Each structure stands twice: as C-alpha cells, then as structure tokens.
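Colleague: For the record, the sequence lines run as chains Z and W.
Counting from 1, one number per residue, gives the positions in the first sequence under UniProt numbering.
Counting from 1, one number per residue, gives the positions in the second sequence under UniProt numbering.
Number of protein chains: 2
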Amino acid sequence: MNKTSEQKQQIKLAVDCIIFGFNNNRLELLLIHRGFEPEKGKWSLIGGFVGNDEDLDDAANRVLYDLSGLENIYMEQVRTFGKADRDSSGRVVSTTYSAMILKSEYNEERVGKYDAKWFPLDELPELIFDHDEMVGSAVRRLRRRVRNFPIAFNLLPAKFTLPQLQMLYEGILSETLDKRNFRRKVSQMNYLVRLEEKDMSESRKGAYFYTFDEELYKKELNFNL
Amino acid sequence: MNKTSEQKQQIKLAVDCIIFGFNNNRLELLLIHRGFEPEKGKWSLIGGFVGNDEDLDDAANRVLYDLSGLENIYMEQVRTFGKADRDSSGRVVSTTYSAMILKSEYNEERVGKYDAKWFPLDELPELIFDHDEMVGSAVRRLRRRVRNFPIAFNLLPAKFTLPQLQMLYEGILSETLDKRNFRRKVSQMNYLVRLEEKDMSESRKGAYFYTFDEELYKKELNFNL
DNA sequence: ATTTACAAGTGTTTATTGTACACTTGTAAA
DNA sequence: TTTACAAGTGTACAATAAACACTTGTAAAT
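Laid out in structure tokens, this is it:
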C-alpha cells in the first residue's frame with residue numbers, strides 16, 4: 001500500500017475456515033448452524049473477525065478453536081473474497097483457510113456442543129452469503145494439491161490400509177482409480193511404510209496397515225498420485 | 001464470518017499490484033518510488049487502500065490506474081498478507097494482484113510521470129515491508145500458470161515470432177528450452193496462427209510472425225509448454 | 001475337514017509424453 | 001559469388017501413464 005487514504009476506511013476483515021473430513025468414503029465439510037440474524041438458521045463456514053493485533057493466520061486458528069474446539073490444526077490460506085456486497089450485514093472482506101482433519105477424532109459428541117455438523121460435499125445445505133463459492137474454490141485447490149503433496153493423510157488415522165487410501169483419493173477427486181496403477185505408485189513411495197499388522201475388519205484376508213513417515217518424506221519431497 | 005466482534009476492529013485493508021513486463025529477454029517488474037515516510041525513498045509495489053464500497057478486485061484496478069495510469073488491465077488475485085507487524089505504519093492487511101503487460105506500451109516517458117520504474121527481476125532494489133515476499137509468491141504463481149495457460153502472450157505484442165516467444169518462456173522460467181521441442185509443442189496449438197509476414201529485424205532469414213487467436217483457443221482450452 | 005465367499009493383492013503390454021541431439025535453409029551484406 | 005547468422009526442421013530413446021484379469025489368504029458356513 002502506498003497512498004494516504006482519503007476518508008476513514010470502514011471495512012471489517014474476517015476469516016472463514018473450510019474444514020474437510022472423510023467418512024463413508026465421502027468427503028465431508030464441517031459447518032455450523034447460524035444462531036443469529038441475518039441469515040439465522042442457515043449453515044455457514046466457521047468464521048469470525050480478525051483481532052487488531054492478530055496475524056491473519058493466527059486469527060483463522062483462533063476462530064476455528066473458538067467455534068469448534070479444534071486445536072493445533074494446520075490450515076492454509078486459500079483466497080480472499082472481497083465483493084462490496086458479499087455480506088448482507090455490512091462491508092466484510094474475508095480470507096478463507098482450509099484444513100483436513102480426522103473426522104473420527106471430532107465426532108458427533110464434540111460437534112454437538114458447538115452446533116456444528118458434518119455434511120457430505122454433495123449434500124450441502126444452503127449456505128450464507130458467498131460461502132458456496134468459498135467451498136468451491138477450496139475444493140478445487142484441494143483436488144489440485146492432493147495429487148502433488150502428501151496432504152490427504154491428514155484425513156486418515158495414523159495407520160491406514162491401501163484400500164482405504166485409494167477410496168479416499170477416489171472420494172476427493174470423485175473419479176475411480178485403477179487399483180494396480182494406484183498401488184504401483186504407492187509402492188514407489190518409500191515413506192509409506194507397511195506394518196506387520198493387518199486390518200481384519202473389512203475382509204477375510206485382511207489388508208496390511210501402512211503409515212506415512214514424515215521424516216522419510218522430507219528426504220525425497222516428491223509425491224505423485 | 002460469524003461471531004459478533006468484541007471490540008472495534010482497527011485494521012486497514014490494502015491491495016498491492018505486481019506488474020510484470022518483458023524486456024531485453026528478461027522479466028521485469030514495475031515499481032514506484034515511495035515519496036513519503038515511513039520508508040521514504042525506497043521502492044514499493046503499486047498499492048493503496050480499498051474503498052468502503054469498492055470490490056476488492058476493483059480496488060486493485062483503481063489503485064493501479066491512480067498510481068500508474070494503466071487501464072483495463074486484467075489482474076488476478078495472488079494471495080493475502082496479514083502478519084500483524086508487516087507494515088511499520090500501522091495494521092494493514094494487503095491482498096496482492098498480478099498482471100502482465102506489454103512494456104513497450106508503457107515506456108519510460110509514461111512511467112516517468114508517476115515516479116515509476118521497470119526493474120529486471122534479478123536486479124530489484126530494496127523493497128518496503130514484505131513486498132519482496134509478495135513478489136516471490138507472484139513469481140512462483142506465474143511460473144506455475146504460464147505452463148498451463150496462454151497468459152504469457154500478454155507480455156508480447158499482438159504479432160510475435162517464435163524465437164521471441166521462446167525467449168520469453170526462458171526468461172520467465174529462467175531455464176533454457178530446447179528449440180525443436182518447444183516448436184513442436186507450439187505447432188500443435190492451432191490457435192497460434194502463422195502469418196505470411198516476417199520479422200526481418202533480428203536475422204537475415206527473417207522469422208515468421210504469429211498471433212494468438214483467443215477464439216480458437218476457447219474451442220480447445222488446452223495449453224501446455 | 002472341506003467348501004464358499006470376498007476383498008486384498010499382484011505384472012505385463014501398449015500408448016502417450018518428454019527429452020536429447022545436429023544439420024539445412026533463406027536472406028542481406030560484403 | 002561468398003559469407004555470416006539466426007530460423008527452421010525430424011528422429012530415436014526414455015520415462016510415464018493407462019488399460020486390463022487372475023490368484024491369494026482367511027473366516028464363516030457346511
């Protein structure tokens with residue numbers, strides 16, 4: 001910025017969080033029920049205003065904690081929405097952040113306390129303001145990034161099976177993947193290590209558990225699915 | 001956003017424009033000389049505050065016009081910088097936009113009026129605040145996008161030669177490209193149409209002029225270099 | 001003990017795309 | 001007529017992506 005402003009600026013700055021989870025082989029979104037006007041009763045992203053002395057990134061994390069109890073979640077900025085009339089309650093510019101979390105660790109019980117709810121991506125309720133656009137851009141970004149960075153593991157437990165991983169990818173990308181091609185690529189990633197233990201809950205044969213080894217990944221830094 | 005704010009928010013919202021040009025086979029950046037404190041005398045991006053009833057995108061265009069005279073420039077949002085202490089003059093959050101323009105249409109004469117100046121990307125002066133970070137992220141985004149979208153043509157005149165185009169790409173990516181491989185890819189793009197006319201200024205033989213046909217491109221929508 | 005049901009697991013072939021590499025051509029100027 | 005020089009052209013090899021079907025291991029049922 002550079003020029004001295006003419007008259008007092010009256011714009012509020014907010015953040016909105018797009019929280020992805022994975023359940024029943026579908027990508028889900030955490031929304032909260034809006035308990036006040038305007039748009040009372042509709043659903044919205046987890047959002048709030050930025051504090052005067054708060055880094056924008058910190059604001060996103062604080063707002064997420066305040067409204068959902070979720071802590072220490074790694075979020076990334078997506079983009080900023082700044083249409084003058086986007087929020088019917090006044091002039092608000094909002095920067096979106098997104099994160100992927102393990103839904104099973106944020107289950108119905110904890111969710112209920114905050115009037116929050118998980119929705120499958122293709123069954124979203126009506127959202128306030130331009131939150132559907134926000135979701136759209138976050139999903140597009142997720143689909144782009146999930147192919148080149150090992151970020152999808154955030155949606156799975158520390159131990160997961162390859163069928164699980166593949167279904168996760170199919171859910172995110174909403175396309176089916178060839179099992180053998182998928183597994184070939186996975187087997188080239190040395191940082192995906194197979195454990196001795198098997199998951200016997202989904203089949204008679206059982207599927208080997210794998211883990212994502214962060215340290216090993218840092219040595220290669222390449223990922224492609 | 002969702003929660004009612006506790007105390008009055010005092011954050012100013014700004015935009016900063018990263019304007020790319022191409023000259024002498026190098027990527028350049030348009031900067032303006034800062035004529036006031038703080039950081040007086042240093043160079044900065046073209047930036048200013050967002051108006052109360054102004055769309056964020058419009059603010060970027062208006063600021064660009066006010067400070068450089070450039071009009072009808074297509075800009076895209078890059079990202080938003082929001083560290084609490086990023087601007088030493090107070091709390092300012094700034095969203096960056098970038099554009100590519102034809103440097104020859106914005107020459108020394110017009111530039112001078114605005115105390116602006118073109119700098120090759122690898123010879124940038126010291127910039128104020130976090131503007132170097134802003135430039136970095138815009139350059140990374142440019143390098144990513146220039147391979148998959150026909151955006152680099154904005155940096156060239158309507159008629160250009162293939163040697164020119166290749167040098168442009170080499171300048172942007174800062175790597176050398178194989179001439180034959182480059183030209184093979186170009187020749188697969190039917191929307192890059194060869195004219196009868198040749199540019200005789202750079203060689204005895206002369207190089208054919210080409211143009212980018214927007215309408216034809218829209219039918220294919222695929223680009224890869 | 002044997003059979004059944006079923007998801008987990010495994011290789012090969014073909015097509016597509018990327019990469020490396022060197023000579024010929026057309027023209028203006030000498 | 002020769003020279004200088006950038007523009008222009010094709011082929012072979014390597015790497016990556018995509019298509020495709022059968023075998024294996026185990027628990028449960030008989």
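The C-beta atom is built at its ideal place from N, Cα and C for all residues, glycine as well.
Note that the coordinates shown come from a computational prediction; the quantities given were computed from them, not determined experimentally.
On a Cα-Cα basis, can you pick out the residue from Z:Leu13, Z:Phe81, Z:Tyr210 and Z:Ile18 that is closest to Tyr161 (chain Z)?
Modeller: It should be noted that the sequence gives Thr, not Tyr, for residue 161 (chain Z). Taking only the C-alpha atoms, the option nearest Thr161 (chain Z) is Z:Tyr210.
Colleague: Once the 5 residues before and after Gly171 (chain Z) are set aside, which same chain residues still bring their CB inside 7 Å of it?
Modeller: The residues are Phe22, Asn25, Arg26 and Leu27.
Colleague: Hey, is the stretch 41 to 55 of chain Z in contact with the stretch 182 to 190 of chain Z, meaning 3+ C-beta pairs nearer than 8 Å?
Modeller: No, because fewer than three Cβ pairs between the stretch 41 to 55 of chain Z and the stretch 182 to 190 of chain Z fall closer than 8 Å, the two stretches do not touch.
Colleague: Have a look at W:Glu123, W:Glu108 and W:Asp122 and flag the residue whose alpha-carbon is nearest the alpha-carbon of Ala116 (chain W).
Modeller: Checking every option, the nearest Cα to that of Ala116 (chain W) belongs to W:Glu108.
Colleague: Of the residues Z:Glu133, Z:Ala99 and Z:Asp213, which one's Cα is nearest the Cα of Ala60 (chain Z)?
Modeller: Nearest option by C-alpha distance: Z:Ala99.
Colleague: Less than 8 Å between the CB atoms is what I'm expecting for Tyr97 (chain W) and Cys17 (chain W), so what's the real figure, rounded?
Modeller: About 5 Å separates the two Cβ atoms, so the contact holds.
Colleague: Kindly indicate if chain Z contains any beta-carbon less than 8 Å away from that of Gln9 (chain W).
Modeller: Yes, Gln9 (chain W) lies at the interface with chain Z (some Cβ there is under 8 Å from its Cβ).
Colleague: Met167 (chain Z): which of Z:Leu177, Z:Ala207 and Z:Ala158 sits nearest, CA to CA?
Modeller: Of the candidates Z:Leu177, Z:Ala207 and Z:Ala158, the one whose C-alpha sits nearest the C-alpha of Met167 (chain Z) is Z:Leu177.
Colleague: Chain W partners of Asn52 (chain Z), CB-CB under 9 Å?
Modeller: Correct list: Gln7, Lys8, Gln9, Gln10, Ile11, Ala84 and Arg91.
Colleague: Taking Pro163 (chain W) as the reference, which of W:Ala207, W:Ser137 and W:Asp132 has the closest Cα?
Modeller: It is W:Ala207.
Colleague: Can you list, in chain order, the residues of its chain whose CB lies under 6 Å from that of Gly48 (chain W), leaving out five sequence neighbours each side?
Modeller: Closer than 6 Å at Cβ, skipping near neighbours: Val63.
Colleague: Can you give me the C-alpha to C-alpha distance between Glu197 (chain Z) and Glu220 (chain W), rounded to a whole angstrom?
Modeller: Cα to Cα, the separation comes out at about 49 Å.
Colleague: Does DSSP put Ala152 (chain Z) in a helix, in a strand, or in coil?
Modeller: Reduced to three states, the DSSP call for Ala152 (chain Z) is helix.
Colleague: Over the uninterrupted alpha helix (DSSP H) stretch that includes Arg194 (chain W), give me the two end residues.
Modeller: Where Arg194 (chain W) is concerned, there is no enclosing alpha helix (DSSP H), although the beta strand (DSSP E) it sits in stretches over Leu192 to Asp199.
Colleague: Measuring alpha carbon to alpha carbon, tell me which residue in Z:Ser137, Z:Glu71, Z:Asp85 and Z:Gly136 is nearest Arg110 (chain Z).
Modeller: The shortest Cα separation from Arg110 (chain Z) among Z:Ser137, Z:Glu71, Z:Asp85 and Z:Gly136 belongs to Z:Glu71.
Colleague: For Gln10 (chain Z) and His33 (chain Z), what's the separation of their Cα atoms in angstroms?
Modeller: Spanning the two alpha carbons is a distance of roughly 27 Å.
Colleague: Figure out for me which residue from Z:Leu127, Z:Asp55 and Z:Tyr114 has the closest Cα to the Cα of Tyr65 (chain Z).
Modeller: Answer by Cα proximity: Z:Tyr114.
Colleague: Taking the alpha carbon of Gln77 (chain Z) as the reference point, which residue from Z:Leu192, Z:Gly51 and Z:Asp58 has its own alpha carbon closest?
Modeller: The candidate whose alpha carbon is nearest that of Gln77 (chain Z) is Z:Asp58.
Colleague: Using a beta-carbon distance below 8 Å, is Asp130 (chain W) in contact with chain Z?
Modeller: Asp130 (chain W) does not count as touching chain Z.
Colleague: Report buried or exposed for Leu216 (chain W), applying the criterion of at least 16 other Cβ atoms within 10 angstroms of its Cβ.
Modeller: Its Cβ having fewer than 16 others within 10 Å, Leu216 (chain W) is exposed.
Colleague: Might you give, ordered along the chain, the residues of its own chain that have their beta carbon closer than 7 Å to the beta carbon of Lys103 (chain W), omitting 5 neighbours on each side?
Modeller: So the list reads Gly21, Phe22, Asn23, Glu28 and Trp118, once near-sequence residues are dropped.
Colleague: What first and last residue would you give for the beta strand (DSSP E) that runs through Ser94 (chain W)?
Modeller: Note, Ser94 (chain W): beta strand (DSSP E), Val92 to Met100.
Colleague: Please identify the residue among Z:Asp53, Z:Gly82, Z:Ile19 and Z:Gly51 whose C-alpha is closest to the C-alpha of Gly69 (chain Z).
Modeller: Checking every option, the nearest Cα to that of Gly69 (chain Z) belongs to Z:Ile19.
Colleague: Measuring only between beta-carbons, confirm whether Leu102 (chain Z) sits less than 8 Å from chain W.
Modeller: No, Leu102 (chain Z) does not count as interfacial toward chain W.
Colleague: Looking only at its chain, what residues have a beta carbon closer than 6 Å to the beta carbon of Asn222 (chain Z), apart from the 5 residues adjacent to it on each side?
Modeller: There are no such residues.
Colleague: Output yes if chain W places a C-beta closer than 8 Å to the C-beta of Arg79 (chain Z); else output no.
Modeller: It does: the Cβ of Arg79 (chain Z) has a partner Cβ on chain W nearer than 8 Å.
Colleague: Just grab the DSSP bridge partners of Thr211 (chain Z) for me.
Modeller: Beta-bridge pairing links Thr211 (chain Z) to Z:Val193.
Colleague: Taking the alpha-carbon of Leu121 (chain W) as reference, which of W:Ala84, W:Leu195 and W:Leu45 has the nearest alpha-carbon?
Modeller: With distances taken between Cα atoms, Leu121 (chain W) lies closest to W:Leu45.
Colleague: Going by DSSP in three states, Ile11 (chain Z) sits in which element: helix, strand or coil?
Modeller: It is coil, neither helix nor strand.
Colleague: I'd like the list of long-range same chain contacts for Met1 (chain W), defined as Cβ closer than 8 Å, with 5 residues on each side in sequence excluded.
Modeller: Unreliable placement is indicated for Met1 (chain W), whose pLDDT of 42 sits below 50; the coordinate value is still reported in the next sentence. Around Met1 (chain W): no qualifying Cβ.
Colleague: Of the residues Z:Ile101, Z:Arg79 and Z:Val50, which one's Cα is nearest the Cα of Arg91 (chain W)?
Modeller: Nearest option by C-alpha distance: Z:Val50.
Colleague: How big is the Cα-Cα spacing for Glu126 (chain W) and Asp132 (chain W)?
Modeller: Rounded to the nearest angstrom, the two C-alpha atoms are 8 Å apart.
Colleague: Helix, strand or coil: which one does DSSP assign to Ser44 (chain W)?
Modeller: Strand.
Colleague: Does DSSP put Thr4 (chain Z) in a helix, a strand or coil?
Modeller: Since pLDDT at Thr4 (chain Z) reaches only 47, below the 50 mark, its modelled position is unreliable, and no value is offered.
Colleague: Kindly say whether Met1 (chain Z), judged by its beta-carbon, lies nearer than 8 Å to any beta-carbon of chain W.
Modeller: With a pLDDT of only 42 at Met1 (chain Z), under 50, the local geometry of the prediction cannot be trusted, and no value is derived from it.
Colleague: For chain W, is any of its Cβ atoms less than 8 Å away from the one on Asp57 (chain Z)?
Modeller: Yes, because at least one Cβ of chain W sits closer than 8 Å to the Cβ of Asp57 (chain Z).
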